[in-house]
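Visitor: Heads up, the sequence shown is in the UniProt record's numbering, so the first residue is 1 and it goes up one at a time. Yeah, the Cβ is synthetic: ideal placement off N, Cα and C, and Gly gets one too. Small disclaimer: the values here were computed from a predicted structure and weren't measured. Attaching a single structure in structure tokens format; questions to follow.
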Amino acid sequence: MGSSLSCCGSDKIEEAAQTAFGAVNNNSWRIFTYKELHAATNGFSEDNKLGEGGFGSVYWGKTSDGHEIAVKKLKAMNSKAEMEFAVEVEVLGRVRHKNLLGLRGYCAGNEERLIVYDYMANLSLLSHLHGQFANEVQLDWKRRMKIAIGSAEGVLYLHHDVTPHIIHRDIKASNVLLNSDFEPLVADFGFAKLIPEGVSHMTTRVKGTLGYLAPEYAMWGKVSESCDVYSFGILLLELVTGRKPIEKLPGGIKRTITEWAEPFISKSRFGDLVDPKLRGNFDENQVKQAIHVAALCVQSEPDKRPNMKQVVNLLKGYEPNHNTVFNTRLHTVKYTDTLMPLDHHGDDDLDDDATNSSAGYGVFSAIQVQKMNLPP
């Protein structure tokens, strides 16, 4: 490890970080030494490991002043990983919102790249919907709506309140973290795109998770704020129904959540869409409104989707109905053999069925946390 213990930081990362953080309060983040993070995580002990994925590993830690942190320790650097690290550090330095996971610090030595976050006690939304906490049903209807609105407000901030605007490109259940009060924080900005003023969309290499990708992005690489709106619509359906974005049926057939939901929506059978684990304990009017919003968000044509400000207002009941869709069929995306290869994440932490790996649990994996005994 040698010189990397000093973690003095590479000039490239240091310069990018200072540029990104110049307009924000520097007291809210700091540069950590590798030695500090090594001590905080008990030498990056296996007992402290929260999860592992293509990007590297995440560890629970405790700083010398008693603050609980999560440390993302990236694998050996290549140009792609270096870029994603730089992007995430830069974006994290720009954002300040209660529903976005902010930066506590980072370490960029000659051999190491580490990002430090606040630790989220309730891990990710994915862990509660499909992971180790799913059977405990800690997410009642009220909490689910709180998570939906908070997540939407976080994405709204990225789209409208930051300059330049930011497209997340990877909105999904594993990237919505939950604090001790189940307040949601949108996380993981490694795929984020900064959109210059006056630019409505860009064409880029496809990144993200199959099942959440907007069709125009999955097929042609056209990325815009509307792509995040589509992904949020899938996330909202997932919250309401408790189902995965893509289900594997017998015979190897894959069915999207929109394909499953469409018959119920077209027949106004909204109660049948709700997660059965809630045992009928939900607000029927809120269910209708949530499904209405989700259906608007996942329209195949980007121009027909609402923006995130409209999404937030609709979820809060402030916005008048935005072209009722309950009596129409959803134009769903069928993930055929043609589309599957377009999910370009290679050896990264993503795949079409995120629950198959610890990487699917985002920054804080729920896979291995049960074996970890946190100090008092």
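What are the start and end residues of the alpha helix (DSSP H) that includes G190?
Guide: First-last for G190: undefined, no H or E at that position.
Visitor: List the whole-angstrom C-beta distance separating A192 from R169, where the pair is believed to meet the contact cut-off of C-beta under 8 Å.
Guide: Sure, about 6 Å apart at Cβ, within 8 Å.
Visitor: For W247, which residues does DSSP report across the bridge?
Guide: According to the sequence as given, residue 247 is Glu; it is not Trp. E247 is bridged to R255.
Visitor: Any idea which residues DSSP pairs C107 with across the strands?
Guide: C107 pairs with L114.
Visitor: Identify whether K98 lies in helix, strand or coil by the three-state DSSP scheme.
Guide: Note: K98 maps to coil in three-state DSSP.
Visitor: Exposed or buried, Q138, counting other C-beta atoms within 10 Å across all chains shown (16 or more means buried)?
Guide: With fewer than 16 Cβ atoms within 10 Å of its Cβ, Q138 is classed as exposed.
Visitor: Can you give me the start and stop residues for the beta strand (DSSP E) that W29 sits inside?
Guide: W29 -> no beta strand (DSSP E), and no H or E assigned at all.
Visitor: Spatial neighbours of F232 within its chain, please: C-beta separation below 8 Å, excluding the five flanking residues on both sides.
Guide: So the qualifying residues of the chain are S151, A152, V155, I171, C297, M308 and V311.
Visitor: Please state the DSSP three-state secondary structure of V229.
Guide: In the structure shown, V229 sits in a helix (DSSP, three-state: H, G or I).
Visitor: Below 8 Å between beta carbons: does that hold for I166 and L177?
Guide: Their beta carbons are not under 8 Å apart, which means I166 does not touch L177 by this criterion.
Visitor: Report the option in K72, F55 and S266 whose CA atom is closest to the CA atom of residue 380.
Guide: Outside the displayed span of the chain (1 to 376) sits residue 380, for which this structure offers no information.
Visitor: For T203, which residues does DSSP report across the bridge?
Guide: Paired residues: K222.
Visitor: Quick check: the Cα distance between E111 and G317, rounded to an integer number of angstroms?
Guide: Cα to Cα, E111 sits roughly 51 Å from G317.
Visitor: Go ahead and pull the three-state DSSP assignment for A20.
Guide: Since pLDDT at A20 reaches only 41, below the 50 mark, its modelled position is unreliable, and the value read off the structure follows with that caveat. Note: A20 maps to helix in three-state DSSP.
Visitor: Tell me which same chain residues have a C-beta within less than 6 Å of the C-beta of S180, skipping the five on either side of it?
Guide: The residues are A121.
Visitor: Could you give the residue range of the beta strand (DSSP E) that holds K62?
Guide: Here the beta strand (DSSP E) through K62 covers G56 to K62.
Visitor: Can you tell me whether I253 is buried or exposed, with buried defined as 16 or more other CB within 10 angstroms of its CB?
Guide: Flag for I253 reads exposed.
Visitor: Would you kindly check if the distance between the Cβ of A173 and the Cβ of L125 is under 8 Å?
Guide: Contact flag set, yes.
Visitor: Return yes when the Cβ of L129 is within less than 8 Å of the Cβ of E238, no when it is not.
Guide: Yes, Cβ-Cβ distance for E238 and L129 is below 8 Å.
Visitor: Compare the C-alpha of Q289 against each of L315, E301 and K304 and name the closest.
Guide: The residue with the shortest Cα to Cα distance from Q289 is L315.
Visitor: Tell me whether M145 is buried or exposed, calling it buried when 16 or more other Cβ atoms sit within 10 Å of its Cβ.
Guide: Buried, by the Cβ-count rule.
Visitor: Give me the Cα-Cα distance between W220 and G190, rounded to the nearest whole angstrom.
Guide: Roughly 21 Å separates the two Cα atoms.
Visitor: Rank T33, H292, I147 and A39 by C-alpha distance to the C-alpha of E183 and give the top, closest one.
Guide: Comparing Cα positions, the closest option is I147.
Visitor: Per DSSP, which residues does L177 bridge with? Please list them.
Guide: S124 and L185, per the DSSP bridge assignment.
Visitor: Is D47 helix, strand or coil by DSSP?
Guide: Helix, per DSSP.
Visitor: Tell me the DSSP secondary structure of A70 in three-state form.
Guide: Three-state result, A70: strand.
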